[in-house]
Amino acid sequence: MERILKELVDRLTKTYQGRLVSVILYGSAAVGDHNGRFSDINVFCVLKQMTPRELGESETIFRWWREKGNPRRCS
């Protein structure tokens, strides 16, 4: 899990550069209660702004994340 989280942060940092404010891990993975068979990985990303540009740039990251077996949820 640590490897995939590092890769996610690397991809977000590269894509959004100075527009990325924070990446926050929460839920069972954050408290050490993550079960790879049943738990998902909850990540909250904060950007300085969310425009059509940022949405478009996110698609390759979301595609990669889904291919790794993680659901995509946007709030």
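Residue numbers (my numbering): -5 to 69.
Just so you know, even glycine gets a beta-carbon here, dropped at the ideal spot from N, CA and C.
In the displayed model, Ile35 falls within coil according to three-state DSSP, outside both helix and strand. For Val40, DSSP records a beta bridge to Ser16. In the DSSP annotation of this structure, the continuous segment of the alpha helix (DSSP H) that includes Asp4 starts and ends at -4 to 10. Non-local C-beta neighbours of Ile18 in its own chain, meaning closer than 6 Å and more than five positions away in sequence, comprise Phe38, ordered along the chain. The beta carbon of Ile(-2) sits closer than 7 Å to those of Lys62, all from its chain and outside the five residues before and after it, given in chain order. Burial check for Leu6: the Cβ neighbour count within 10 Å reaches 16 or more, so the residue is buried.
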